[in-house]
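Colleague: Take any residue in the sequence shown, count from 1 to its spot, add 1413: that is its number in my numbering. Supplied in structure tokens, the structure appears directly below.
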Amino acid sequence: MASQHLPTPAEIPFNTYTMKKPLVGTVVSTEIATAAHRAPGVETRHIVIKSPGLKYLSGQSIGVIPPGINPRNNRPNVLRLYSVASCGRGDDRRGDTVSVIVARHYWDNEETGEKQVPGVCSHYLCDAKVGDELQLTGPVGKRFLLPVDFAERDFVFLATGTGVAPFRGMLADLLESGYEKTVTLVLGVPYADSILYDAEFQALVAKHPNFKYVVAVSRGEDKNQYSDLFPTRGDKVYAHIAMWDQRDVIGPSLMKDNTAVYMCGLKGMEVGLHEVMNKMGQTYGNVEDLVAKLGDEGRLLEEVY
Ligand code: A2P
1414 MASQHLPTPA EIPFNTYTMK KPLVGTVVST EIATAAHRAP GVETRHIVIK SPGLKYLSGQ
1474 SIGVIPPGIN PRNNRPNVLR LYSVASCGRG DDRRGDTVSV IVARHYWDNE ETGEKQVPGV
1534 CSHYLCDAKV GDELQLTGPV GKRFLLPVDF AERDFVFLAT GTGVAPFRGM LADLLESGYE
1594 KTVTLVLGVP YADSILYDAE FQALVAKHPN FKYVVAVSRG EDKNQYSDLF PTRGDKVYAH
1654 IAMWDQRDVI GPSLMKDNTA VYMCGLKGME VGLHEVMNKM GQTYGNVEDL VAKLGDEGRL
1714 LEEVY
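So, in structure tokens, the structure goes:
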């Protein structure tokens, strides 16, 4: 069974900072990453944090410890993990910052019946101001990383919403290294005017013909043209529908014998994407179960929640 050539464990930074010994980071910038109609209160933010000494890789996560006491057990709040949204050199490539993308989260408390309870850490981070100090831990994650032989492989990155975070860093790692194979990003978002990092990805498309960028807008005017093959609720255009629409570009890349597929985002996207991958396998490569083959060969990495 072939598997990806991941960095060796010694090359992967891991838990340099912990709950007991956190790193004190400082907010450098905080910007709304979605359009104006997702106003403060429901917005998604891109936050850059000064983090001197923190080494990390694209695809890893850092912990943030929100201050305060958890009322459910009267103990200090514990860390929450966020996927890093920068490459290991940070957004400014100077190597002393880390970026995260955070959507304000609300949840329904089934024990008390309370609805739309603000999530502690997402609100803490979204409310943080430039200059505020944050307690950081990590990095963690040894699996969802680029392989060391990335220069030899095509990649297909599949994301919904803030699940795009690890791919932003990985795209920088690939495209700033003279990478010559083909990398495709398929990104599913709700609204056309709130496509995360769209301007950055468009700029990469203009500069790198080997970067293919495919967006699925689920609540826009376009409807699923392939509902006979892949039905979706309300004929929404989900990531797998946009992927199938671009099958002549993505299919051949997917069929190469060392292409790696990474998926990050909502758990719900898994089923449709697997169906489309298998259909592509049958259409472009005479492979009955491409998902099983990719999994067996360590070429399908998923982080879904
Ligand atoms: P929708 O919410 O319109 O059903 P965000 O995290 O910003 O909400 O974006 C997540 C995106 O993933 C949305 O466009 C959402 O669509 C979409 N989505 C939700 N469920 C699925 C699913 N089962 N398969 C693929 N995409 C999905």
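No residue lacks a Cβ here, since even glycine has one placed at the ideal position from N, Cα and C.
Between Thr1431 and Ser1474, what straight-line distance do the alpha-carbon atoms span, to the nearest angstrom?
Modeller: Cα to Cα, Thr1431 sits roughly 13 angstroms from Ser1474.
Colleague: Evaluate Val1650 with the Cβ neighbour count: other Cβ atoms within 10 Å of its Cβ, from every protein chain shown; 16 or more gives buried, anything less gives exposed.
Modeller: With 16 or more Cβ atoms within 10 Å of its Cβ, Val1650 is classed as buried.
Colleague: Quick check on the burial criterion: 16 or more other C-beta atoms within 10 angstroms. Buried or exposed for Val1561?
Modeller: Its Cβ having fewer than 16 others within 10 Å, Val1561 is exposed.
Colleague: What did DSSP end up calling Pro1435 once you bin it into helix, strand or coil?
Modeller: Three-state DSSP puts Pro1435 in coil, outside helix and strand.
Colleague: For Arg1646, which of helix, strand or coil comes out of DSSP?
Modeller: In this structure, Arg1646 counts as helix in the three-state DSSP scheme.
Colleague: Between Ile1425 and Gln1548, what straight-line distance do the alpha-carbon atoms span, to the nearest angstrom?
Modeller: Distance between the alpha carbons of Ile1425 and Gln1548 is about 21 angstroms.
Colleague: CB-CB under 8 angstroms to Glu1565, same chain, minus the five flanking residues each way: which ones, in chain order?
Modeller: Within the same chain, Glu1565 has close Cβ partners Lys1594, Asn1671.
Colleague: Just grab the DSSP bridge partners of Asn1483 for me.
Modeller: DSSP, once it has assigned bridges, lists Arg1488 as partnering Asn1483.
Colleague: Output needed for Phe1570: all residues of its chain with C-beta closer than 6 angstroms, excluding positions within five of it in sequence on either side, in chain order.
Modeller: So the qualifying residues of the chain are Phe1580, Leu1598, Tyr1675.
Colleague: Let me confirm a value: Lys1620 is counted as buried when at least 16 other C-beta atoms fall within 10 Å, else exposed. Which label applies?
Modeller: Exposed: under 16 other Cβ atoms inside 10 Å.
Colleague: Residues in the same chain with beta-carbon distance under 6 angstroms from Pro1479, minus the five sequence neighbours each way, listed in chain order, please.
Modeller: Closer than 6 angstroms at Cβ, skipping near neighbours: Asn1490, Val1533, Cys1534, Tyr1537.
Colleague: Using only alpha-carbon positions, find the residue among Val1477, Gly1574, His1687, Gly1633 that is nearest to Gly1708.
Modeller: Checking every option, the nearest Cα to that of Gly1708 belongs to His1687.
Colleague: In or out: Met1414 buried (at least 16 other Cβ within 10 Å) or exposed?
Modeller: In this prediction, Met1414 has a pLDDT of 38, which is less than 50 and means its spatial position is unreliable; nothing more can be read from the coordinates.
Colleague: On a Cα-Cα basis, can you pick out the residue from Arg1632, Asp1635, Ala1655 that is closest to Phe1643?
Modeller: Among Arg1632, Asp1635, Ala1655, the Cα nearest to that of Phe1643 is on Ala1655.
Colleague: Helix, strand or coil for Arg1507? Go by DSSP, reduced to three states.
Modeller: Reduced to three states, the DSSP call for Arg1507 is coil.
Colleague: In this structure, does DSSP put Tyr1519 in helix, strand or coil?
Modeller: Tyr1519 falls in the strand class under three-state DSSP.
Colleague: Considering only C-alpha positions, which residue in the set Lys1528, Glu1546, Val1628, Ser1464 is nearest to Ala1572?
Modeller: Measuring from the Cα of Ala1572, the nearest candidate turns out to be Val1628.
Colleague: Taking the alpha helix (DSSP H) that Gly1698 falls in, what are its first and last residues?
Modeller: Element bounds for Gly1698: 1682–1698.
Colleague: Under three-state DSSP, which class holds Tyr1537?
Modeller: If DSSP states are grouped into helix, strand and coil, Tyr1537 belongs with the helices.
Colleague: Would you kindly check if the distance between the Cβ of Val1618 and the Cβ of Thr1510 is under 8 angstroms?
Modeller: Going by C-beta atoms, Thr1510 is not nearer than 8 angstroms to Val1618.
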